[in-house]
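*Asks:* Protein chains in written order, with the numbering used here: chain H, 12 to 156; chain C, 600 to 745.
For each residue, glycine too, the CB sits at the ideal point set by N, CA and C.
Provided herewith is a single structure, encoded as C-alpha cells, for subsequent inquiry.
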C-alpha cells in the first residue's frame with residue numbers, strides 16, 4: 012500500500028510540475044501583448060476564440076458562452092472567432108495547444124489570460140473585469156488549462 | 600446532433616471513474632478495474648444502463664448533493680470518450696491478469712488522470728490530441744472530433 016501511495020504522490024508531483032510548466036509557458040506567450048489586434052478591434056477589450064470547424068465543444072459550449080458574454084455586455088467587448096488550423100500563424104503566436112482556447116486582451120493590448128479549454132462567460136467576464144470585479148493583473152501569470 | 604446534456608452528470612461520471620480507478624490501484628484489485636471497464640462499456644452502449652448515471656439520477660439528485668447543469672450539447676462525444684475509457688481500462692485489466700503489472704496500472708491510472716484533468720480544468724484530452732494531429736497535417740478535416 013505504501014509503495015502505491017508513493018506512486019500516486021509521484022503522479023501528483025508530476026501533474027503539478029506539468030501545471031507549473033504550462034503556467035510558465037503561457038506567461039511567455041502573454042508577454043509580447045496584442046496591441047495590433049486590439050487596434051483592429053477598435054481599442055475595445057478583445058476575446059480571440061480559437062476553434063476548428065469540427066470541434067464539438069467549440070460549437071456546443073464555447074460559442075454559446077461567447078454569445079452570452081456579448082449579450083450581457085453589449086458593445087463593451089469584441090469577439091473574434093479564429094480557425095486555429097486555417098490561421099495557424101495566429102494560433103502559434105499565442106501558443107494555442109487545443110481547441111477551444113480563448114485569449115483575453117485588454118484595451119491596451121495586454122494579454123490578461125490564455126484559457127486552454129472551455130471558458131465560461133462568467134470566467135471571461137471576470138478576466139476582463141466586466142462584472143465589476145477588480146481587473147486581472149497582466150503581470151502575474153494567471154492561466155487555466 | 601445538439602441535445603440537452605447535464606454536465607454535472609458528466610462530471611459525476613468522471614469523478615466516479617477516477618475514484619474507482621485510483622481505489623483499484625491503491626488496493627491492488629485488478630478486477631475492480633475490469634468491473635469498471637464493464638460498467639463504462641455498458642454505459643456507452645446503453646446510456647440509460649450506466650451505473651454512475653443511475654446513481655446520479657436516483658441518489659445524488661434526489662438528495663440534492665448536486666444540481667443539474669443542463670446545456671445544449673452533443674452527447675455523442677461524451678459517450679465516445681467514455682468508450683475510450685472503457686477500452687483503456689479493458690486493456691489495463693487484460694495486461695494485469697496476464698502479469699504485465701506496470702503497463703496495466705499505467706493504463707488504469709491514465710484513465711483516472713485524464714478524467715480528473717477534465718473535471719478540474721475543463722481540459723479535453725481528445726480535443727488536444729485531435730488539434731495537435733490536425734495542425735501537423737496528420738489527419739484530415741473530415742475526421743470526427745469529440
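Is residue 13(H) helix, strand or coil when you go by DSSP?
*Replies:* DSSP places residue 13(H) in helix when its eight states are reduced to three.
*Asks:* Sort 62(H), 18(H), 81(H) and 17(H) by Cα distance to residue 730(C) and report the nearest one.
*Replies:* The residue with the shortest Cα to Cα distance from residue 730(C) is 62(H).
*Asks:* Using DSSP with H/G/I as helix, E/B as strand and the rest coil, what is residue 52(H)?
*Replies:* Residue state, collapsed to three classes: coil.
*Asks:* Is the beta carbon of residue 654(C) less than 8 Å from the beta carbon of residue 604(C)?
*Replies:* Not a contact, by the Cβ cut-off of 8 Å.
*Asks:* Once the 5 residues before and after residue 700(C) are set aside, which same chain residues still bring their CB inside 7 Å of it?
*Replies:* Cβ neighbours of residue 700(C) beyond the five flanking positions: none.
*Asks:* With DSSP as the reference, please indicate the residues paired to residue 603(C) in a beta bridge.
*Replies:* Per DSSP, 671(C).
*Asks:* Report the option in 54(H), 15(H), 60(H) and 49(H) whose CA atom is closest to the CA atom of residue 127(H).
*Replies:* The shortest C-alpha separation from residue 127(H) is found at 60(H).
*Asks:* With 8 Å set as the bound, which would you pick, yes or no: does the beta-carbon of residue 37(H) sit closer than that to a beta-carbon of chain C?
*Replies:* No, its Cβ sits nowhere closer than 8 Å to a Cβ of chain C.
*Asks:* Does residue 683(C) get closer than 8 Å to chain H when you measure Cβ to Cβ?
*Replies:* For residue 683(C), the answer is no, since every Cβ of chain H falls outside 8 Å of its Cβ.
*Asks:* Using a Cβ-Cβ cutoff of less than 6 Å, which residues in the same chain neighbour residue 84(H) once the five nearest sequence positions on both sides are dropped?
*Replies:* Result list for residue 84(H): 141, in chain order.
*Asks:* Less than 8 Å between the CB atoms is what I'm expecting for residue 615(C) and residue 651(C), so what's the real figure, rounded?
*Replies:* The Cβ separation is near 4 Å, so the contact holds.
*Asks:* Where does residue 611(C) sit, in a helix, a strand or coil, going by DSSP?
*Replies:* In the structure shown, residue 611(C) sits in a helix (DSSP, three-state: H, G or I).
*Asks:* Does DSSP classify residue 59(H) as helix, strand or coil?
*Replies:* In the structure shown, residue 59(H) sits in a strand (DSSP, three-state: E or B).
*Asks:* For residue 672(C), return the contacting residues in chain H, with the cut-off set at a CB-CB distance below 7 Å.
*Replies:* The answer, in chain order, is 71 and 72.
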